[in-house]
Each structure stands twice: as C-alpha cells, then as structure tokens.
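In this note's numbering, each number is its position in the sequence shown, counted from 1, plus 43. Just so it is clear, CB atoms sit at the ideal spot from N, CA and C, and this is done for glycine as well. As the structure is a prediction and not an experimental result, all values here were calculated from the model. The structure appears below as structure tokens.
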Amino acid sequence: MTALMLFTTAWVTGILLSQASFIPLPWLFLTVPAALVLLLGWGDSRWARRGSAMLIALLLGAGRLSLAEPRINENHVAFYNDQSAIILEGVLDSELDVRSTIIMAQLKAIHLTLANGEIHSVHGHVLVTLPPFSNVQYGDRVVVEGLLETPQVFDAFSYKEYLAYQGIYAVFRAHSCTTMASHQASFLKEIILRFKGYAYHIILKLYPEPQAALLSGILLGIESGIPETLRDAFNTTGTGHIIAISGFNLSIVAGGFASLARRIFKKRGKTLAALTGLWLYVILVGASAAVLRAGVMATLGVIAVHEQRKVHGPTALAAAVLVLTLLNPYALWDVGFQLSFAATLGMVLYTQPLENHLKAFLESWLKPELAASIVRMSSESLLVTIAAQLVTVGVTVGTFQSLSPVSLLTNLLILPVQLYIMLFGGTSLLVGLVFQPLAQLFAWIAWLFLAYTTTVVDLLSRFPKASIPLGQVTNPIVWAYFVGLASVTWWLRRSRDDHQRFLAWVKALNPTVVITVLAVTALIVITSITAPDGKLHVTFLDVGAGEAVLIETPHGRQVLVDGGADGALTLAQVGRWLPFWDRNLDMIVLTSPDKDRLAGLVA
C-alpha cells in the first residue's frame, strides 16, 4: 500500500470512530504521544514513520468530523423547529427539483419571523417544499410562509439522518412564496443551471418518453422525470447505476474535452482547458458525492496523461476519498458514494486478475490469439461487471436488504450499449443547441440503444425472484463479508513463496500470543456489534413478578423503567442487555411505589 492509501485509511477510520462514539475524541489525542514515541524510538524505520503519520491521520479524521457537527443554538434556523407558523426569508441556492405536485429546493436562511412577531437573524440550510407552479429560480431571494419542522424518522429509513449528512436539519412546508430579488447566489452556477434547463428541453423535443427521461438522467443528472415503474425496474435488476452519473460518464466527458482541447489549444493550455470543461460538467450534473469522487479521479487521469505517467488506481481512489471527506466527512454515509467507491475499488482490484485467469484458462483450450480476442471482448462488459459486483454486493445487500440474481445478466446485456448512448445522445444534444433537424438524426440512433436498455431492464425485472428480499442484514454480517473478501484478495495476490513464509510464520507463533490476539479481536468485534446503532431500542425484561423495561436511546443512553420484584433477577436481565463495556444506567424511572416495581431497585 502506498503512503497516501495508508494515510487515507487511517483518516477514514478516525471519522468512523468519531461518528460511532467508539472512542471519545479526547482519547484520540493519545495518538499524538504514541506517534512521537514511534518517531523518537524508531525514527529510521519506514514503518515507524508511516505508523506515526497514520496515528496523526486518525486524530485529524476524528477532528474533521467534530468540526462538521452543527451547533444548533438560537442563531441556527433548526433551533426553531416544530413551532407554530413561521415566516422565513432566504436565498434558494440549490437546483430546483420540480415535480408534478411540488417544488423542492434548499434555502439558505437569513431571517426568521415567529408567530409572536419576533424577528431573528439565522443561518443554516432548510429543505423547502413549495407549491406547484411557484415562479422561482435558482438564486432568488424569497419569503416563504408555513411550518418549520424536524425531518421525520421512519421505521426503515431515517429522513432526518439522510438530510443531516447533507447539512440540513430542518424542512419547511410553504403554503406561499414571494420573490424579493433575483441573482443572489453564484453567478457561474446560475448560468450553468440555465444552460442545463435549456439542454433538458432540447432532449424532451428530440426523444419520446421514457427514453427522454432516461437520457436526461444519464447526461444531465435530472432524474425527476423517470417514471417510478421504470426506476423500480432498474433497482430490481441491480442496474440503478445506469441512471446515475458515474465515473463511466465522466471518463467519456474527460476524454472528449481532452481530445477537443488538443485540437484547439497549445500544449500548455490543453490540460487546463480539459479540466475546466470537466469540472463545469461536474457542476452541471449536480456535484453529488459520487460525481465528485469520479471528478477527482478523472482529474488525476487527465494530469497523468499530460505528464505522460500512469495512474495507480488504488492511490487515485484514496486521493479522491481524502479530498471528498475533507470537504464533507458525512459523504462516507452517502449511499451513492458508497456504491461508486465500491464499484471503482472492485474494478481496480479485480478486473486485471480476472482477465489474466480467464486468458490462462482459455489458452489451455484455444489458440493464444483467439483466447486474447475473447478476453478483450468480455473484459469491457462481463469481467468489469463481475469485478465491480464483487464489492458492491456488500453495500447493496447491507443497504437495500435484497439481492438480484438477474443483476449480472442485465448488466452484461445493457452495459455494452451505454457508450453509444453517451456518444450519440451527447452528440444529438450538442448539435441540437445549434440545429435541431440535424440533431434528430443522431437522436434516432441514440433512441435505439435507449429503447433497447429500457426493454431489457423491464423484461428481466418481471422474472420471478428478480429481486430476493433477505430480511435484516446487520452491519456485522456486511463487515464479515468485506473482511473475508479482503482476506481472500490478499491471499490470492501473494506468490507461492509468500504463502509458505506466511504459513511458517503462523506455525512459529506462540500459542499465548495467538490466543491473546484472537481475544482482543473478539472484544473489538463484540464492542462494534453492541455499539449504539442510531436506533431506539425498548426491551421488556423478563423479571418474573413485576415489570421492568430497559430503553436504549439512539446515542447509547440507557434508561431503566421500574425494577421488578427480584433484584438479582433484574440485575441479571439488565446485565444481559447492556454492553459488557458499559455498566452504568443514565436514568432510573419509577412509575409506581408498588412492590412489584420498587423492590428490585432497592435490592
């Protein structure tokens, strides 16, 4: 592993530990003296220097998340959630999500007026739901009237947590909206979004539905027009990544801008021109976490071409993760980013080994030239898909609690045509900006590939068991899969001599050391399993006569309501359900002085 990969791994670990409250932030400051000990004691060792850097990265990652946590006080708009009707003034500083019945946008709050007439200057972002046909645009300064609320938490999905990762802690349902001024946000972004709206209307003119909606998602990142039935079909077949902007899209865009820049600009200016075009496109499609990840890696690719060097895939991916989490550490919990990262990691790690193994297998049966030809044809669709899904299956199963047996087949059938959708669809859009009759010719060609994609996805989504629900797949199961995959990967990437040395090293280990390491590992695993999971747990304890209820809050606080009649039995039950590392109750509540509720507490 390169130094940057190790640093990023430690940085991300610090963020995760801080979020889970697994290790309090003050304790993480112990990494500083530990790093100094490593440097002073073994400063000449490369691993000591790397270990010191990783310890510091661990602390910095935890500190970055701490800085990102909001300070909800009287100056923050979310402080006034769930009160009576409110008048809110602010600037619409995100792309509008226009739907059939509502318009949604992020509003940067400026002033807030309570029902009693009090006016407060506030900051923070609010997700505003506006009435349909509201005449608003990006950058408008508006006054809205309605209800300011805390985002809801549903049984299977926490909308509150989802928005919090985007820095939004309040939602506003407006029943009226008045525009006070325009052009109050980024001028560059306003121009880009106006161009995006114009491009969207060109696509709607050139293509029938639902192919127009699909192409809008692929090229422009506009997914609001995709019918729910089609979206469900993509999700059922495990091909939802086709709709989203991904590294595949950006690699084509980056290549297109680089090729164009070579023809227009001199050597010094072509790289800058290509990068400018690339990042304008990133802004155009929304700059989500997954898009930013792809944008950073595409940038490194363009720079590598300019410097006539090769990009080391894992290091480039580590750089992208580091940059992204430096900007927003909560990107780690963005499902789109997780899937994008997992797919890229899978392709980087497994595509080449799969090609090598397939080539070796085919050469034992066929001529080398024919074997190489088959490998080349299968690499861009079958092998890349398998490589990506080896890693993404863990994220998919853990997030959506389901598995699609037809996913591999569907991807194999539709992935080869996605390049032509981008090429002919993008060409039709660019030509349509100038002369729409000519653009229609390219649109008809692109429509064939779009219609083929939607037809295949729709047909395969109708198969029995196209998506199999798996029930509750817990985080430990997902992590066990990734640990197993990483172990197998490590083993397969080592030579036979490495295997023999490793086995000899294992045999030479002191049994006491092995048992100690296994015990510590088991403690870490059990601690991670029993750590707070962000959900409310209510357990009715079996205390025989009487009643006792143990409540665990999403942040790990424990409340015991009543204590039953038998103190020993109550203690045993509480000890069973509390984590082994937490022996304290934060609160005890007695609902009645009856013996069946009080005696167990007194004992």
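The three-state secondary structure of V474, taken from DSSP, is helix. Around G104, the same chain offers W54, G57 and I58 as residues with beta carbons nearer than 6 angstroms, after the five sequence neighbours per side are excluded. For Y241, the uninterrupted alpha helix (DSSP H) run begins and ends at F230 to L249, by DSSP. Taking every protein chain shown into account, the CB of E595 has 16 or more other CB atoms within 10 angstroms, so this residue is buried.
By the neighbour-count criterion, in which a residue is buried when 16 or more other Cβ atoms sit within 10 angstroms of its Cβ, A301 is buried. Considering only T144, L150 and E117, the residue with the shortest C-alpha distance to G133 is L150. According to the DSSP secondary-structure assignment, R216 is paired through a beta bridge with T172 and L190. Counting along the chain, L155 sits inside no alpha helix (DSSP H); it lies in the beta strand (DSSP E) bounded by residues I146 to T156. Residue nearest to A213 within the set F277, A228, W548 and A148 is A148 (criterion: CA-CA distance). Relative to S447, the option among H166, R505 and D637 whose CA is nearest is R505. Secondary structure at A494: helix, using DSSP grouped into helix, strand and coil. When DSSP states are grouped into helix, strand and coil, V632 belongs to the strand group. Within the region 381-425, the alpha helix (DSSP H) runs of at least 4 residues that lie entirely inside it are, in chain order, 411-421. For the pair N118 and V165, the CB atoms are nearer than the 8 angstroms cut-off. For P507, the number of other beta carbons within 10 angstroms of its own is below 16, and it is reported as exposed. Put simply, of P480, L491 and L451 the residue whose alpha carbon is nearest the alpha carbon of L466 is L491.
Check the Cα spacing between L367 and each of R352, M340, L258 and L413: the tightest is with M340.
Two segments are said to touch when three or more pairs of C-beta atoms, one from each, lie closer than 8 angstroms; by this definition the region 326-339 touches the region 272-288. Contact annotation: V602 and D629 have beta-carbon atoms nearer than 8 angstroms.
Rounded to the nearest angstrom, the gap between the Cα atoms of A121 and P113 is 10 angstroms. For L135, the enclosing beta strand (DSSP E) starts and ends at I129 to L135.
Cα atoms of Q381 and K638: separation of roughly 53 angstroms, rounded to the nearest angstrom.
Rounded to whole angstroms, the separation of the alpha carbons of V438 and D377 is 11 angstroms.
DSSP places L263 outside any beta strand (DSSP E); the residue lies instead in the alpha helix (DSSP H), whose first and last residues are Q254 to L263.
The criterion of a C-beta distance shorter than 8 angstroms is satisfied by S510 and T279.
A residue is called buried when at least 16 other Cβ atoms come within 10 angstroms of its Cβ; P372 meets this threshold and is buried. Taking the Cα positions, P411 is about 10 angstroms away from I417. DSSP places R274 within a helical segment (H, G or I) once states are collapsed to three. Rounded to the nearest whole angstrom, the CA to CA distance from G281 to S450 is 5 angstroms.
DSSP lists no bridge partner for A529. Counting the other CB atoms within 10 Å of its CB gives E252 a total below 16, which places it among the exposed residues. Residues of the same chain with a CB within less than 6 angstroms of the CB of T52, apart from the 5 flanking positions on each side, do not exist. Contact between the region 604-617 and the region 584-593 is present, with at least three C-beta pairs closer than 8 angstroms. Under the 8 angstroms Cβ criterion, the region 241-250 does not count as touching the region 205-225, having fewer than three qualifying pairs.
In the displayed model, H163 falls within a strand according to three-state DSSP. The beta carbons of T453 and L503 sit closer together than 8 angstroms.
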